[in-house]
Amino acid sequence: DAGVIQSPRHEVTEMGQEVTLRCKPISGHNSLFWYRQTMMRGLELLIYFNNNVPIDDSGMPEDRFSAKMPNASFSTLKIQPSEPRDSAVYFCASSHRRGGSLNEKLFFGSGTQLSVL
Amino acid sequence: AQKVTQAQTEISVVEKEDVTLDCVYETRDTTYYLFWYKQPPSGELVFLIRRNSFDEQNEISGRYSWNFQKSTSSFNFTITASQVVDSAVYFCALSGGGGATNKLIFGTGTLLAVQP
Chain A
1 DAGVIQSPRH EVTEMGQEVT LRCKPISGHN SLFWYRQTMM RGLELLIYFN NNVPIDDSGM
61 PEDRFSAKMP NASFSTLKIQ PSEPRDSAVY FCASSHRRGG SLNEKLFFGS GTQLSVL
Chain B
1001 AQKVTQAQTE ISVVEKEDVT LDCVYETRDT TYYLFWYKQP PSGELVFLIR RNSFDEQNEI
1061 SGRYSWNFQK STSSFNFTIT ASQVVDSAVY FCALSGGGGA TNKLIFGTGT LLAVQP
C-alpha cells in the first residue's frame, strides 16, 4: 500500500519566491496534518483538516502561509513570499479519525526539506 | 496546557546495552493518549505505540518496552539489547481525549546513537 506521498523531497528557493508543497494522504484517511520540523522548535503542528475542512490553523506562523485541501486525496501548503526563516522540513501526515478526539496513530510522509536562501 | 518533556537530548550507547528514553507529560485532561514515534535517518516518522490514560499496564514488544506511570506523569521507553538499527530520533507525544480541535503535541525528541 502506498503511504503518504509528499513532493518535492527537496526544495531550494530564493527569498521572496512562492513555494508550494504537496501531499497525497493514504486512501481512506479522513484527517490530514501539516507539521514543520526545525532544530530550534522541534515538531510543530501548522494546520489540520478533517474531511477536507480546516479544523485548526492556529499553528500557521503568519499570513504568508496558506493550506488547502480541495479533495480527499490532495493537499497543498503554500508559502508566499518565502523567507530564510521558513527553512525547515515540512511533514504531511494522515489518519483515520473516529469521533472528535485525536487518538489515532498518524502516518507520516517522508517530508519536504525546504531551503530558502 | 499540554506539554511533553524529553529531557535527554542525546544518548549514546554501545550495541547490546539497554537504554531508557524518558518522557514526562503535563495535561489537565482526565482522558488522554500517549505515543512514541521513531524518526530514523531517512526522516520519516514511524509510529511505535499508543496508550490511553486508563491503561497503565506496561507493554513489551520484542526488544521494546514501555513503562506508563500516571503517578509521575511519565511514559518511558526502554530498548533492550540495543542494535545499530535502533539509531534514530525518538519522539514522545500527547493528545487530549476530546474536542475536534485537540492537537497531538510532540516532545523535542531524543537522539539515540547506538555504536557498534
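Heads up: the protein sequence lines correspond to chains A and B, in order.
For the first sequence, the working numbering begins at 1 and goes up steadily by one.
For the second sequence, the working numbering begins at 1001 and goes up steadily by one.
We treat Cβ as the ideally placed atom computed from N, Cα and C, and that holds for glycine.
Establish whether the CB of residue i and some CB of chain B are separated by less than 8 Å.
{"i": "Ser75(A)", "result": "no"}
{"i": "Phe108(A)", "result": "yes"}
{"i": "Gly16(A)", "result": "no"}
{"i": "Val12(A)", "result": "no"}
{"i": "Phe91(A)", "result": "yes"}
{"i": "Asp56(A)", "result": "yes"}
{"i": "Gly42(A)", "result": "yes"}
{"i": "Gly111(A)", "result": "yes"}
{"i": "Lys105(A)", "result": "yes"}
{"i": "Leu114(A)", "result": "no"}
{"i": "Leu45(A)", "result": "yes"}
Which residues share a DSSP beta bridge with residue i?
{"i": "Arg41(A)", "result": "Answer is none; Arg41(A) lacks a bridge partner."}
{"i": "Asn71(A)", "result": "Phe74(A)"}
{"i": "Leu46(A)", "result": "Paired residues: none, contrary to the question."}
{"i": "Thr1005(B)", "result": "Val1024(B)"}
{"i": "Val1085(B)", "result": "Val1085(B) is not bridged to any residue."}
{"i": "His10(A)", "result": "Gln113(A)"}
{"i": "Val4(A)", "result": "Its beta-bridge partners do not exist; DSSP assigns none."}
{"i": "Ser95(A)", "result": "Ser31(A)"}
{"i": "Ser66(A)", "result": "Lys78(A)"}
Using a Cβ-Cβ distance under 8 Å, would residue i count as near chain A?
{"i": "Arg1050(B)", "result": "yes"}
{"i": "Leu1094(B)", "result": "no"}
{"i": "Phe1054(B)", "result": "no"}
Among the candidates the options, whose CA atom is the shortest distance from the CA of residue i?
{"i": "Ile5(A)", "options": "Tyr90(A), Glu62(A), Ser94(A) and Gly109(A)", "result": "Gly109(A)"}
{"i": "Leu1094(B)", "options": "Val1014(B), Val1024(B) and Tyr1033(B)", "result": "Tyr1033(B)"}
{"i": "Phe49(A)", "options": "Pro70(A), Pro61(A), Phe65(A) and Arg85(A)", "result": "Pro70(A)"}
{"i": "Phe1132(B)", "options": "Glu1010(B), Gln1008(B), Lys1103(B) and Gly1096(B)", "result": "Nothing about residue 1132(B) can be reported from this structure: the residues present for chain B run from 1001 to 1116 only."}
{"i": "Gly111(A)", "options": "Met15(A), Leu21(A), Thr13(A) and Gly16(A)", "result": "Leu21(A)"}
{"i": "Ser73(A)", "options": "Ala93(A), Arg9(A) and Gln113(A)", "result": "Ala93(A)"}
{"i": "Glu1059(B)", "options": "Glu1044(B), Ser1071(B) and Phe1035(B)", "result": "Phe1035(B)"}
{"i": "Leu1021(B)", "options": "Gln1008(B), Glu1015(B) and Thr1030(B)", "result": "Gln1008(B)"}
{"i": "Ser115(A)", "options": "Gly59(A), Pro25(A) and Met15(A)", "result": "Met15(A)"}
{"i": "Arg1051(B)", "options": "Lys1070(B), Arg1063(B) and Ser1082(B)", "result": "Lys1070(B)"}
{"i": "Gln113(A)", "options": "Gly28(A), Thr38(A) and Ala2(A)", "result": "Thr38(A)"}
{"i": "Pro25(A)", "options": "Glu104(A), Ser75(A) and Asp86(A)", "result": "Ser75(A)"}
Quick check: does the Cβ of residue i come within less than 7 Å of any heavy atom belonging to the ligand HEM?
{"i": "Glu1044(B)", "result": "The ligand HEM is not among the ligands present in this structure, which contains no ligands whatsoever."}
Just checking my contact of residue i with residue j at CB under 8 Å: how many whole Å lie between their CB atoms?
{"i": "Pro81(A)", "j": "Glu11(A)", "result": "Not really, about 14 Å apart at Cβ, beyond 8 Å."}
{"i": "Val1084(B)", "j": "Val1046(B)", "result": "Wrong, their Cβ atoms sit about 17 Å apart, outside the cutoff."}
{"i": "Val89(A)", "j": "Gly1043(B)", "result": "7 Å"}
{"i": "Pro1116(B)", "j": "Glu1015(B)", "result": "5 Å"}
{"i": "Phe1075(B)", "j": "Tyr1090(B)", "result": "At roughly 12 Å, the Cβ-Cβ gap does not stay under 8 Å, so Phe1075(B) and Tyr1090(B) are not in contact."}
Compare the C-beta of residue i against all C-beta atoms of chain E and say whether one is closer than 8 Å.
{"i": "Gly1043(B)", "result": "Going by chain labels, chain E is absent from the structure shown, which instead holds the protein chains A and B."}
So if I threshold CB-CB distances at 9 Å, which residues from the region 1017–1045 of chain B count as touching chain A? Thr1031, Tyr1032, Tyr1033, Phe1035, Tyr1037, Gln1039, Ser1042, Gly1043, Glu1044 and Leu1045
If you measure beta-carbon to beta-carbon, which residues of the region 1101–1112 of chain B are closer than 9 Å to chain A? Thr1101, Asn1102, Lys1103, Leu1104, Ile1105, Phe1106, Gly1107, Thr1108 and Gly1109
To be precise: take each residue of the region 1063–1093 of chain B, compare its Cβ to all Cβ atoms of chain A, and keep it if any distance is under 8 Å. Which residues remain? Phe1091
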